[in-house]
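Chemist:
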Amino acid sequence: MKIAIFANEGRKSMMISRKLHQKFKDTHFILDNDNPDIVVTVGGDGTLLSAFHQYKNILDKVRFVGVHTGHLGFYTDWRDDEIDDLVISLQSDNGQSVSYPLLDVKVSYMDQLRPETFLALNEATLKRNSATMVTDVYIGGELFEKFRGDGLCISTPTGSTAYNKSLGGAVIHPNLKVLQMTEIGSINNRVFRTLSSPMIIAPNDWVTLYPNRESDYILTVDQNSYHGRQIKQITFKTSKQSIHFAKYRHMQFWQRVQDAFIGAEYAN
Ligand code: NAP
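Going left to right, the sequence shown walks through residues 12 to 279 as my numbering numbers them.
So, in structure tokens, the structure goes:
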């Protein structure tokens with residue numbers, strides 16, 4: 012089995028990464044950063060997001076394992092003091108995995124014939140900071156509303172606990188292959204009207220935005236951002252691709268949510 016270690020630059024992560032490297036060598040795993048079967052990330056959820064973008068071209072053949080150097084995360088199953096157990100689990104790997112939905116983003120620019128595509132693990136947002144963002148919002152090809160405000164966020168189920176949650180969106184179980192659209196600072200008064208509620212988009216539906224012709228939009232895809240180009244239209248749809256995690260000792264989703272946001276001591 013070929014393994015890649017992907018760590019953030021924190022001191023603790025680098026230390027754990029070096030230890031893991033040695034343990035994998037001692038147990039005769041092949042370390043291969045270019046063409047791995049398993050990517051072990053060391054850091055937090057943000058580190059796993061970066062690893063996802065690094066390996067997004069081989070998603071169908073790669074499985075991820077997350078080691079957290081702080082608190083447990085949504086994409087990380089192992090604590091940094093459990094790496095011996097992790098190596099033992101990898102030695103008896105039988106290919107089991109759990110898969111989560113991803114978001115396809117397709118952007119047509121005014122100055123380019125071919126659309127560009129992006130893949131998100133958490134979410135994509137379209138925002139305008141300098142002035143109000145004005146965009147027609149289509150759902151499944153039908154005009155739904157004209158949005159005025161700071162922006163819109165479209166998240167995956169596993170991304171629902173990230174930016175989406177800060178925007179008042181619901182936490183979605185990742186077994187549901189749906190997307191969620193949340194508003195960022197919408198204007199609602201006697202003149203302008205939006206739904207003003209988070210919306211759950213069905214598996215085969217899609218959202219298309221036709222923003223007014225301005226060039227100061229910011230498109231974010233997870234931790235990456237793109238700006239400075241006039242967008243003709245942008246479509247968000249659940250991807251046919253998924254991210255796969257090695258399933259050795261997978262924590263249940265609601266347990267993670269409780270652990271991250273409530274804490275066991277407040278749960279009873
Ligand atoms: P960051 O700004 O350094 O950290 C964002 C925080 O979000 C970190 O605490 C990270 O956890 C956490 N996080 C990431 N994915 C998560 C998930 N699926 N569920 C729950 N928490 C999650 O940025 P980053 O680490 O590069 O992550 C980029 C993400 O930041 C974006 O995808 C977006 O979701 C989020 N973000 C949130 C807001 C907001 O809430 N207002 C604004 C912008 C961006 P770790 O500490 O474990 O890494």
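Positions of the beta carbon are idealized from the N, C-alpha and C atoms, including for glycine.
Using the Cβ count rule (16 or more neighbours within 10 Å means buried), how would you classify Y174?
Modeler: That one is buried.
Chemist: When DSSP builds the beta bridges, which residues end up paired with H280?
Modeler: Lying outside 12 to 279, the shown extent of the chain, residue 280 is not represented and no answer is given.
Chemist: Pick from K176, L60 and N140: whose alpha carbon is nearest that of L130?
Modeler: For L130, the nearest C-alpha among the options comes from L60.
Chemist: Does DSSP put M12 in a helix, a strand or coil?
Modeler: Correct three-state label for M12: coil.
Chemist: Report the residue from K138, E93, T146 and D43 whose alpha carbon sits nearest the alpha carbon of Y228.
Modeler: When each option's Cα is compared against that of Y228, the closest is K138.
Chemist: Say yes only if the C-beta of D233 is nearer than 7 Å to one or more non-hydrogen atoms of the ligand MG, and no if none qualify.
Modeler: The ligand MG is not part of this structure, which contains only the ligand NAP.
Chemist: Do you know whose CA, among V109, D96 and D37, lies nearest M262's CA?
Modeler: When each option's Cα is compared against that of M262, the closest is V109.
Chemist: Roughly how many angstroms lie between the CA atoms of K36 and I254, to the nearest whole one?
Modeler: Answer to the nearest angstrom: the Cα atoms are 26 Å apart.
Chemist: Under three-state DSSP, which class holds T169?
Modeler: It is helical.
Chemist: Taking 7 Å as the line, does the beta carbon of D56 fall inside it for any heavy atom of the ligand NAP?
Modeler: Yes - the ligand NAP has a heavy atom lying nearer than 7 Å to the Cβ of D56.
Chemist: Quick one: Cα of K258 to Cα of D104, how far?
Modeler: The alpha-carbon atoms of K258 and D104 are separated by roughly 9 Å.
Chemist: Measuring only from the beta carbon, is L137 closer than 7 Å to any heavy atom that is part of the ligand NAP?
Modeler: The answer is no for L137.
Chemist: On the CB-based measure, 16 or more other CB atoms within 10 Å of its CB, does R56 come out buried or exposed?
Modeler: The residue asked about is misnamed: residue 56 is Asp in this sequence, not Arg. Its Cβ being crowded by 16 or more others within 10 Å, D56 is buried.
Chemist: Go ahead and label V202 buried or exposed: buried means 16 or more other beta carbons lie within 10 angstroms of its beta carbon, across all protein chains shown.
Modeler: Exposed, because fewer than 16 other Cβ atoms sit within 10 Å of the Cβ of V202.
Chemist: Assign N133 to one of two classes, buried (16 or more other C-beta atoms within 10 Å of its C-beta) or exposed (fewer than that).
Modeler: Counting Cβ neighbours within 10 Å, N133 comes out buried, since at least 16 surround it.
Chemist: Does the distance between the C-beta of E194 and the nearest non-hydrogen atom of the ligand NAP fall short of 7 Å?
Modeler: Checking every heavy atom of the ligand NAP against the Cβ of E194, none is found closer than 7 Å.
Chemist: What's the C-alpha gap between R74 and K251?
Modeler: Looking at the two C-alpha atoms, the distance is approximately 17 Å.
Chemist: Where DSSP assigns a beta bridge to Q191, which residues make up the other side?
Modeler: S166 and I211, per the DSSP bridge assignment.
Chemist: Roughly how many whole angstroms lie between the Cα atoms of I94 and V78?
Modeler: Cα to Cα, the separation comes out at about 8 Å.
Chemist: Under a Cβ-count criterion, where at least 16 other Cβ atoms within 10 Å of its own Cβ denotes burial, should P214 be classed as buried or exposed?
Modeler: Flag for P214 reads exposed.
Chemist: Beta carbon of F158, beta carbon of Y149: below 8 Å?
Modeler: No, these two residues do not count as a Cβ contact at 8 Å.
Chemist: Nearest-angstrom Cα distance between K23 and T80?
Modeler: Using only the alpha carbons, I get a separation of about 7 Å.
Chemist: Please look up how many angstroms separate the CB atoms of K34 and V98, rounded, as I've assumed it's under 8 Å.
Modeler: Confirmed, Cβ separation roughly 5 Å.
Chemist: Where DSSP assigns a beta bridge to Y237, which residues make up the other side?
Modeler: In DSSP, Y237 forms a bridge with L230.
Chemist: So, Q244 versus T205, is the Cβ gap smaller than 8 Å?
Modeler: Not a contact, by the Cβ cut-off of 8 Å.
Chemist: Along the alpha helix (DSSP H) that carries Q252, what are the first and last residues, could you check?
Modeler: Per DSSP, Q252 belongs to no alpha helix (DSSP H); it is in the beta strand (DSSP E), I242 to A257.
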